[in-house]
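Below you'll find the structure, written out as structure tokens, and then a few comments.
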Amino acid sequence: MKILIFVVWILFKNSFTQVPIEGKCNEFKNCTEPYLKINADAFDGIYFLYAFVPTFKVEYNQKCTYFEFNKTTHGTRNFYKFEIDSETNEERITSAEFRVGLNGTIEAKYTELQIELKYKIVALTKDVIVLLSCYECGFLSKEGAGISALGLSRYSSPNCEISTIILRKFRECGIFESYVEYQDQENCNDCVLY
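With mature numbering (1 follows the signal peptide of the UniProt record, and there is no 0) applied, the sequence shown covers -17 to -1, 1 to 177.
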């Protein structure tokens, strides 16, 4: 049993990337103020992943990733993440149910694993959002504060202005470009309907 626990601990420990910022999550909160007030209905629809700080190594071999957000009949919202494994070309879909708090916080519960995560929505323009999360306890901790950051755009191939907006926000949060990965959206279906 001790060997099994040790192996699981090693797998989790090795699945996380290096920490862009060190310290506590409360130091990270300074960068999460939205430029625009978010209305939950306004961000329903499709967002394409442009740039991200990978939380798990599996995120390195994905392409054509986009998210669909929509309202359910019982007051919560669903989010679906669609992606293609760049090695096998298999499609993967992840789903979660979430609520948007008054302060722009998303509280999501991943359907398959029943894992609860909290993200802060930072609405940069009506077409660009950044989702930020910080972990400092439990198996999600990384030496000090660990973060997850997703830069999402309504456009699958954002122009320089949009990419600059996302990267500027990452820098405000202490995330330097050397930690950022860019999503491969080439040869993907650009005709996803909103």
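Here a beta-carbon is modelled for each residue, glycine too, at the ideal position from N, C-alpha and C.
### Message
Among the candidates Ser116, Phe153, Ser161 and Leu107, whose CA atom is the shortest distance from the CA of residue 183?
### Response
Look at the range of the chain in this structure, -17 to 177, and you will see that residue 183 is not part of it.
### Message
Here's a check: name, in chain order, each residue in its chain whose Cβ is nearer than 8 Å to the Cβ of Phe26, leaving out the five neighbours to either side.
### Response
On the sequence shown, residue 26 is found 43 positions in, with the first residue counted as 1. Close CB contacts of Phe26 within its chain, under the 8 Å cut and outside five residues either way in sequence, are with Phe52, Ile104, Ala106 and Ile112 (chain order).
### Residue span of the alpha helix (DSSP H) that contains Ile149, given as start and end
Residue mapping note: residue 149 aligns to position 166 of the sequence shown, counting from 1. Note, Ile149: alpha helix (DSSP H), Cys143 to Glu155.
#### Entry: Simplified DSSP assignment, three categories, for Tyr165
Walking along the sequence shown from the start, residue 165 turns up at place 182. Shown here, Tyr165 sits in a strand according to DSSP, grouped into three states.
### Message
Taking the alpha-carbon of Glu80 as reference, which of Asn170, Thr59 and Glu73 has the nearest alpha-carbon?
### Response
Locating residue 80 in the sequence shown gives position 97, counting from the first residue. Selected option, being the one with the closest Cα: Thr59.
#### Entry: Between the CA atoms of Phe35 and Ser146 - distance to the nearest angstrom
Here the question's residue 146 lines up with position 163 in the sequence shown. Here the question's residue 35 lines up with position 52 in the sequence shown. Their Cα atoms are separated by approximately 12 Å.
#### Entry: Paired residues, beta bridge with Phe50 - DSSP
Reading the sequence shown from its first residue, position 67 is the one you call residue 50. Note: Phe50 sits in a beta bridge opposite Tyr30 and Lys64.
### Residues near Asp167 by beta carbon distance below 6 Å, same chain, minus five either side
For the purposes of this step, residue 167 is taken as residue 184 along the sequence shown, with counting starting at 1. Cβ neighbours of Asp167 beyond the five flanking positions: Lys46.
### Query
Exposed or buried, Ser78, counting other C-beta atoms within 10 Å across all chains shown (16 or more means buried)?
As a working mapping, residue 78 is identified with position 95 in the sequence shown. Classification for Ser78: exposed.
### Query
Can you give the Cα-Cα distance for Leu150 and Cys156, rounded to whole angstroms?
As a first step, residue 150 is located in the sequence shown; it is residue number 167 there, counting from the start. As a first step, residue 156 is located in the sequence shown; it is residue number 173 there, counting from the start. For Leu150 and Cys156, the distance between alpha carbons rounds to 10 Å.
### Query
Should Arg154 go down as buried or exposed, given a rule of 16 or more other Cβ atoms within 10 Å for buried?
Translated into positions along the sequence shown, residue 154 becomes position 171. Per the 10 Å Cβ criterion, exposed.
### Task
Kindly indicate the opening and closing residues of the beta strand (DSSP E) around Ile76.
Indexing the sequence shown from 1 puts residue 76 at position 93. Note, Ile76: beta strand (DSSP E), Glu74 to Val83.
### Task
Have a look at the DSSP bridge pairing and note the partners of Ile104.
The count along the sequence shown starts at 1 and reaches residue 104 at position 121. In DSSP, Ile104 forms a bridge with Leu114.
#### Entry: Nearest-angstrom Cβ-Cβ length linking Tyr33 and Gly134, presumed shorter than 8 Å
What you label residue 33 is simply residue 50 of the sequence shown in a count that begins at 1. What you label residue 134 is simply residue 151 of the sequence shown in a count that begins at 1. Correct: roughly 5 Å between the Cβ atoms.
### Rounded straight-line distance, which links the Cα of His57 to that of Glu70
On the sequence shown, position 87 is the one that residue 70 refers to. On the sequence shown, position 74 is the one that residue 57 refers to. Whole-angstrom Cα-Cα distance: 38 Å.
### Message
Between the alpha carbons of Glu5 and Asn170, how many angstroms are there, rounded?
### Response
Position 22 of the sequence shown, counting from 1, holds the residue named residue 5. Position 187 of the sequence shown, counting from 1, holds the residue named residue 170. Bear in mind that the predicted position of Glu5 carries a pLDDT of just 47, short of 50, making it too unreliable to give a figure here.
### Message
Quick check on the burial criterion: 16 or more other C-beta atoms within 10 angstroms. Buried or exposed for Glu66?
### Response
Indexing the sequence shown from 1 puts residue 66 at position 83. The residue is buried, with at least 16 neighbouring Cβ atoms inside 10 Å.
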